[in-house]
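Reviewing the structure listed below.
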């Protein structure tokens, strides 16, 4: 197993997939809903996932693929080499805005994240990392995150969580909004993770993400010193949905203890 060869192959097919998606805007999208009216999927999501599956299986048929649209195998463990793929993260943005969506891929070997990628399709920007070797933005090294104070932070969080909800104490989120320098919500988990690892955001929080939303980003995060966890501070689950936070290490624990507090704590 040549990790460098896998990395070069992954970058090649990500760029090719991005071009295919951009070209797809020249013909009609077929839009469907999944779990609810705001959970969208398009023919391009499915076609892109199939593209990745066909390319990866041609490269090495022993590699397993866990994808958002369920067109790969039923992956129940991270044994062996597993690709976790979101062909279009931010489908609502893709449909409505034709921008602000990402390809997100994490490659794991026996449960350990080795290669991570987040690709901004319309800007042709690539964030990527090789475990233990660093992270890059369009081939320029990403630096380790520098300490930041809560009151100087910009946090990625959906405005929904300042209203009463069944997941977290919304009054504490209101305190956070008043405390920090600013909040943002971009509609793509992978985009917000990319902004944290590159220092454009200082944290990002979501109550419900799937493995394909975060797999690539968690690997990049490790290389710049960002901390990823669920809201209990435990490691993220890369086989099931869970709440998720990624943050600058100087504010991660403070966010969990004071501001992003689940009802079961």
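Residue numbers (the numbering used here): 142 to 406. Don't be surprised by glycine CBs; every beta carbon is placed ideally from N, CA and C.
Outcome for residue i when other beta-carbon atoms lying within 10 angstroms are tallied against a minimum of 16
i           : result
residue 305 : exposed
residue 393 : buried
residue 389 : buried
residue 218 : exposed
residue 383 : buried
residue 418 : Only positions 142 to 406 of the chain appear in the structure, and residue 418 is not among them; the question remains open.
residue 187 : buried
Presumed contact (8 Å Cβ cut-off) between residue i and residue j, rounded CB distance
i           : j           : result
residue 261 : residue 295 : Their Cβ separation, rounded to whole angstroms, is 19 Å, which puts residue 261 and residue 295 out of contact at 8 Å.
residue 183 : residue 232 : 6 Å
residue 226 : residue 208 : 4 Å
residue 269 : residue 152 : 7 Å
DSSP three-state assignment for residue i, whether helix, strand or coil
i           : result
residue 223 : strand
residue 152 : helix
residue 405 : coil
residue 283 : coil
residue 164 : helix
residue 329 : coil
residue 147 : helix
residue 235 : helix
residue 271 : strand
residue 339 : coil
residue 295 : strand
residue 203 : coil
residue 192 : helix
residue 300 : helix
residue 178 : Reliability of the predicted coordinates at residue 178 is poor, the pLDDT of 47 falling under 50, and the value obtained from them is presented with this limitation in mind. Of the three classes helix, strand and coil, the one that applies to residue 178 here is coil, per DSSP.
residue 186 : helix
residue 266 : strand
Any chain C beta carbon closer than 8 Å to residue i
i           : result
residue 361 : This model lacks chain C altogether, as it is built from one protein chain only.
Counting pairs of Cβ atoms below 8 Å between the region 367 to 375 and the region 228 to 248, do you hit three or more? no
List, from N- to C-terminal side, the alpha helix (DSSP H) runs of 4 residues or more that fit wholly inside the region 345 to 395. 352 to 365
For the 8 Å Cβ check, are there 3 or more pairs between the region 240 to 248 and the region 353 to 364? Yes, the region 240 to 248 touches the region 353 to 364.
Meets three-Cβ-pair contact criterion under 8 Å: the region 310 to 319 and the region 398 to 406: yes
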